[in-house]
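Line by line, the protein sequences are chains A and B. With the first letter of the first sequence counted as 1, position 80 gets the number 80 in our numbering; the numbers rise by one all the way through. Converting from the second sequence to our numbering requires adding 1000 to each position, the first position being numbered 1. Every residue gets a Cβ at the ideal spot worked out from N, C-alpha and C, and that includes glycine. Computed from a prediction, not measured in an experiment: that's the story for all the values here. This report concerns only the one structure given below.
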Amino acid sequence: MLITCPYCGPRDVIEFTYQGDGNRQRPQPASQNLDAWNAYVYDRLNPAGDHNEIWQHSGGCRAHLRVVRNTITHEILSTEFARGGHKTESRS
Amino acid sequence: MSPRRAETGGRIDRLRTIRFTFDGAAYTGHAGDTLASALLANGVTLFGRSFKYHRPRGLLAAGVEEPNALVTVLRGEVREPNIPATMVEIYDGLVAVSQNRTPSLAWDIGALNQLGGKLLSAGFYYKTFMGPVIGPLKGTRFWMFCEHFIRRAAGLGKAGTAPDPARYERMNAFCDVLVVGSGPAGLMAAKAAADQGVRVILADLEAHFGGSANWSDEIIDGMPAADWAQRAVGQLEGNDNVRLLPRTTVWGYYDGNTLAALERVTDHKETPAKGEPRQRYWAIRAGTVVLATGSFERPLVFPGNDRPGVMLAHAAERYAVEYGVLPGQRIALFTNNDSAYRSAVALKKAGATIVAIVDVRADISNDMRRLAGEAEAELLDGHAVIATEGGKALTGLKVQRFDALSGALSGDERSIHADSLLMSGGWSPTIHLASQAGAKAEWDPARQAFLPPKPTQRWIGAGAFTGSFSTAEAIAEGRAAGVSAAGGTAAPAALPTVEAAPGDPDPAPVFEIKAKGKSFVDFQHDVTAEDVRLAHREGFVSVEHLKRYTTLGMATDQGKNSNVPGLAIMAEALGKPIPEVGTTRFRPPYTAVSIGSLAAERFGDLKPERLTPMHDWHIANGATMYSAGLWYRPMIYGLPGETIEQAYVREAKATRESAGIVDVSTLGKIAVQGPDAAEFLDRVYTNMFSTLAVGKARYGLMLREDGLAFDDGTTWRLGEQEFLMTTTTANAGKVMQHLEYFLDVIWPELKVTVTSVTDEWAGAAIGGPNARAILASCVTGTAVDNATLPFMGIVHGRIAGVPVMICRLSFSGEMAFEVYSGAGYGTHVWQALIEAGKPFGLVTYGLEALGTMRIEKGHVTGAEIDGRTTARDLHLDWMLSKKKPFIGSAMMDREGLIAPDRLELVGLIALDNRPLNGGGHVVEELDEDNPHDSLGHITACCYSPALGKYIALALVKDGKARHGTRAFVSDPLRNRFGQVEIVSNHFYDPDGSRMHG
Chain A
1 MLITCPYCGP RDVIEFTYQG DGNRQRPQPA SQNLDAWNAY VYDRLNPAGD
51 HNEIWQHSGG CRAHLRVVRN TITHEILSTE FARGGHKTES RS
Chain B
1001 MSPRRAETGG RIDRLRTIRF TFDGAAYTGH AGDTLASALL ANGVTLFGRS
1051 FKYHRPRGLL AAGVEEPNAL VTVLRGEVRE PNIPATMVEI YDGLVAVSQN
1101 RTPSLAWDIG ALNQLGGKLL SAGFYYKTFM GPVIGPLKGT RFWMFCEHFI
1151 RRAAGLGKAG TAPDPARYER MNAFCDVLVV GSGPAGLMAA KAAADQGVRV
1201 ILADLEAHFG GSANWSDEII DGMPAADWAQ RAVGQLEGND NVRLLPRTTV
1251 WGYYDGNTLA ALERVTDHKE TPAKGEPRQR YWAIRAGTVV LATGSFERPL
1301 VFPGNDRPGV MLAHAAERYA VEYGVLPGQR IALFTNNDSA YRSAVALKKA
1351 GATIVAIVDV RADISNDMRR LAGEAEAELL DGHAVIATEG GKALTGLKVQ
1401 RFDALSGALS GDERSIHADS LLMSGGWSPT IHLASQAGAK AEWDPARQAF
1451 LPPKPTQRWI GAGAFTGSFS TAEAIAEGRA AGVSAAGGTA APAALPTVEA
1501 APGDPDPAPV FEIKAKGKSF VDFQHDVTAE DVRLAHREGF VSVEHLKRYT
1551 TLGMATDQGK NSNVPGLAIM AEALGKPIPE VGTTRFRPPY TAVSIGSLAA
1601 ERFGDLKPER LTPMHDWHIA NGATMYSAGL WYRPMIYGLP GETIEQAYVR
1651 EAKATRESAG IVDVSTLGKI AVQGPDAAEF LDRVYTNMFS TLAVGKARYG
1701 LMLREDGLAF DDGTTWRLGE QEFLMTTTTA NAGKVMQHLE YFLDVIWPEL
1751 KVTVTSVTDE WAGAAIGGPN ARAILASCVT GTAVDNATLP FMGIVHGRIA
1801 GVPVMICRLS FSGEMAFEVY SGAGYGTHVW QALIEAGKPF GLVTYGLEAL
1851 GTMRIEKGHV TGAEIDGRTT ARDLHLDWML SKKKPFIGSA MMDREGLIAP
1901 DRLELVGLIA LDNRPLNGGG HVVEELDEDN PHDSLGHITA CCYSPALGKY
1951 IALALVKDGK ARHGTRAFVS DPLRNRFGQV EIVSNHFYDP DGSRMHG
């Protein structure tokens, strides 16, 4: 599996660390809504198909990337910095 | 001259004689021979004994699919078992031995198993050794008794025990077009792609490129096919954009068009050249793959089809044309399709007598009748072979009239005298890689074969792989595939012309001749047609279950010959068409792969070592090192004759009485910088950092998002926007990743950068009543008195001319200072401190004394912050700010995390004055035989020189309420039981007067 890091280009997956489901929404820091916190900390989507994920280029520039990956084919559809910008589309 | 080698012909180098041994006997062959062709040339017919029945077996094939002739190759002490003799290129000094026979191949005691043939049918093991015990000869115990003998009797080669001294390499390769297979289709594809200027890799598992062109006897572009192939390879060799990989098996097709291949670099050489690895593992990332992997000829299933001398028709043709070896002098053929006629003609040309062609079909085309005539063979149309005769070599066969539609035999049996019987049951495209790539094969009723599925990854098929079995089609498809894979458009140039024997690619749908006797489907695992039917009778419907019950296709050849015949027989038993029975998915590897090649250079101890700047000094000064994660840290600096306990007690005692120094360079250090650095720290720590004054440090605690304790350490404010965070040694990497995640993903608006600076700083902690005096005697540029350097204060100065940063903080509970310098000056500063400490009796101390003093103080480390404890459990709730939210603040008050019966940190004192053990349990009632009802467990323990007692830290249910009460330790594993007193975790100097000074 190759992930295209916007800084470093296409790199092998062994350089990256999976940092989980990218759909999670962290509640406002002061929020006391325990259900929302519970969903954020424990609930994960596990779709068979396109999935939003966070990957860190831990063996490279250490940036966190938002990656859309097909969990069936392992095709990487797009990558962008988690901070935003520099989106790379892979699927034509 | 060898008994079976023809006088002329073949593509071997007759001028070069090569000497080798097989089962101890010396043989010769020629350069270009495989072990199989060389032994066959020497008249050897018996190559191995079968897996279960120990039946004598000879060569069935000439290539990678060979199921019978498996040998073990010996190189010095190293043995490599289960290699097909057809894939071993001979070299001077080659030592090969046969397998699965006792005491010898010719006289094998295991052949007695044939007498018990009915007993050893499918499911023998399940039926005999599993299920209820009835009498003495059944059940798992019986299996335990028999296993040794069965394992000896059934099986293949033995693995060696000697370490493999060979070197292996791993390569990553990138190309636009990877062509797998170098027959006419593969060569055309590689040439066409290369002409488009893209990067091409051409891989073939054989030693010589050319595939079927090397033995087909066809004419391409007016020259023998083998010469044409050689010319094409020559043209590719000259190209910079082409990499040729002979002897390279592409064995795995993975996601993202990544393919795995094994190159056998020196297995065919007597001595490898300097620097050459034995094998090379290739990870190839290909833009597009051209699969030109050809096809396998199928055996026919009939009684005695495994007798030595029964061979696939094309294999015999190959031995004759490529190696100049005839498998027999009087050859009969048995076929359900046209391709065997071509083989008959080729063998006739090579000098054999073709006694008969037995064809299951009644209507034979005129073209085939003409070829039979050319071979001077008697044509027995509408006939089938019903038996073979002979022992370790074939002597004859029996035929009978056969109706291809009903499968019925009729008329009189007729015997034919022959020393070789060649069979052809049609052809199966080699679709393994396509199947691995993800899609399901499709049954083609005309070809009676599974054809490759629609691509699910970027590959294009060409030639026999697609079911196009003629060379002309292979050439056309190969070029089209190569052009298309390179992203070009088809060139108008004329294709090479082919002169080949005629032939219809479609066989008659006949797989099995049902007659009396064992008819083998899977030769390597000894699975017969009757075994398949037995599985059906016993209720196995799914092909996957059939496979596991009979072990059909599960031997080392993975059913390369047997899958389709096995399915056909199962389909007939079920009364269903073959596509409804389904096929099993092929999985990597295509052929056996050495573990060495996968490991390549990555073997032995792969852990990197992290050494502190003062490491060499520690070693030179008697430290016993201890590995803590990747780090090496001094455990003790023992004196001659001292035990570990004596050493750490001495070190800790001396520190509390005068002064001690310890290397703390391993602590994680992270520079947190930027306008929002203070705000960021407020969010990640449970306590406040924005209120911290510049030049001061503060102890901080981090929680995880779920509210459990994560890590602790001190963070120093070096400037308004600059902090130096320290973490525990073990969690340095995790904390860094945690901070990066929040800055990148959660709070990208914060203007903060974090940088790991662990390796930039050397750290020494010096503590004890005389610590300040020692510093005062060697530090310049700053005072270190209480006013200038109060508790948690930071000053900058110099030691021995080197800039240092000193923070007054204490882990030992003594008046203590952490002295940081640039890592390159670590030893210089350390030595200066040691020198300055001499008048004061300064000792160096290691991890054991460090641990002892922290246990005495009741400080927590990773043993207590174990991912299950909360700040409250550790009595750190005073650090939980109520003025701000922080990571974990919302979740830390959940019901289960504030429950009254949680384990809390306490101290234990052994009342029997014996050492306690980490992991030992704390109980109210001591019951050595039946330990029960744990209150908690010990996390750390030591002998406390300050208390003169054996003490421990423990996590105990309702711990605080138990202070002053008694309990027991229960440690049945180490047989340690005894009474303890539960006390506060702050054993020593609870009000901190010593460190505040």
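Counting along the chain, serine 1597(B) sits inside the alpha helix (DSSP H) bounded by residues 1595 to 1599. Counting along the chain, the unbroken beta strand (DSSP E) around lysine 1949(B) starts and ends at 1949 to 1957. Per the coordinates, the alpha-carbon of histidine 1828(B) lies some 48 Å from the alpha-carbon of aspartate 21(A). Residues of chain A whose Cβ lies closer than 7 Å to the Cβ of glutamate 1760(B) do not exist, since the nearest Cβ in that chain is about 17 Å away. Fewer than three beta-carbon pairs drawn from the region 1201 to 1208 of chain B and the region 1478 to 1486 of chain B are found closer than 8 Å, and the two stretches are therefore not classed as touching. Excluding its 5 nearest sequence neighbours in each direction, isoleucine 1354(B) has C-beta neighbours in its own chain below 8 Å: Ile1331, Ala1332, Leu1333, Ala1344, Leu1347, Lys1348, Ala1375, Glu1376, Ala1377, listed in chain order.
A Cβ-Cβ separation of about 16 Å leaves alanine 1464(B) out of contact with alanine 1062(B) under the 8 Å criterion.
Here DSSP, grouped into helix, strand and coil, assigns threonine 73(A) to coil. Cysteine 5(A) sits away from glycine 59(A), with the two beta carbons spaced by 8 Å or more. The alpha carbon of serine 1339(B) has as its nearest neighbour, out of Arg1717(B), Ser1216(B), Asp1363(B), the alpha carbon of Ser1216(B). For the pair phenylalanine 1791(B) and cysteine 1807(B), the CB atoms are not nearer than the 8 Å cut-off. Taking lysine 1751(B) as reference, the option from Glu1814(B), Gln1673(B), Val1795(B), Thr1788(B) with the minimal CA-CA separation is Gln1673(B). The residues Ile1018, Ala1038, Ile1090, in chain order, have a CB closer than 6 Å to that of glycine 1029(B) in the same chain once the five nearest residues on each side in sequence are set aside. In this structure arginine 1401(B) is in contact with serine 1410(B), their Cβ atoms being roughly 5 Å apart against a cut-off of 8 Å. Inclusion of isoleucine 1012(B) and cysteine 1175(B) in the CB contact set at 8 Å is not warranted, their separation being larger than that value. Chain B places a beta carbon closer than 8 Å to that of leucine 2(A), counting this residue as a contact. Rounded to whole angstroms, the gap between the alpha carbons of asparagine 1561(B) and threonine 1456(B) is 26 Å. With a contact defined as Cβ atoms closer than 8 Å, leucine 1743(B) and methionine 1892(B) miss out at about 22 Å.
Note that the C-beta distance between glycine 1234(B) and proline 1589(B) is not below 8 Å. DSSP places asparagine 1172(B) within a strand segment (E or B) once states are collapsed to three. Beyond the five residues adjoining it in sequence on each side, aspartate 1221(B) comes within less than 7 Å, by CB distance, of Trp1228, Pro1496, Thr1497 in the same chain, given in chain order.
Rounded to the nearest whole angstrom, the CA to CA distance from arginine 11(A) to histidine 57(A) is 9 Å. It is roughly 42 Å from the alpha-carbon of glutamine 1979(B) to the alpha-carbon of methionine 1614(B). Within chain B, the residues placing a beta-carbon under 7 Å from that of tryptophan 37(A) are Ala1890, Met1891, ordered along the chain. The alpha-carbon separation between asparagine 1917(B) and glutamate 1981(B) amounts to approximately 15 Å. Residue Gly1622(B) holds the alpha-carbon nearest to the alpha-carbon of glycine 1641(B) among Ala1659(B), Gly1622(B), Leu1630(B).
Remark: C-beta atoms of arginine 1247(B) and alanine 1207(B) approach each other more closely than 8 Å. Alanine 1194(B) and leucine 1236(B) have their C-alpha atoms roughly 8 Å apart.
Counted as a single uninterrupted DSSP element, the alpha helix (DSSP H) harbouring threonine 1471(B) occupies residues 1471 to 1485. CA-to-CA, the gap between asparagine 1337(B) and tyrosine 18(A) works out to about 55 Å. With a cutoff of 8 Å on beta-carbon distance, glutamate 1322(B) and glycine 1553(B) are scored as not near each other. Alanine 82(A) reaches chain B at Asp1744, Val1745, counting residues in chain order whose Cβ is nearer than 7 Å.
Residues of chain A with a Cβ closer than 8 Å to the Cβ of arginine 1683(B) are, in chain order, Pro29.
If you compare the alpha carbons of His1963(B), Gly1707(B), Asn1214(B), Tyr1741(B) with that of arginine 1318(B), the shortest gap goes to Asn1214(B). Across the structure, proline 27(A) and glutamine 1721(B) are spaced so that their CA atoms are roughly 27 Å apart. As far as DSSP is concerned, leucine 1667(B) takes part in no beta bridge.
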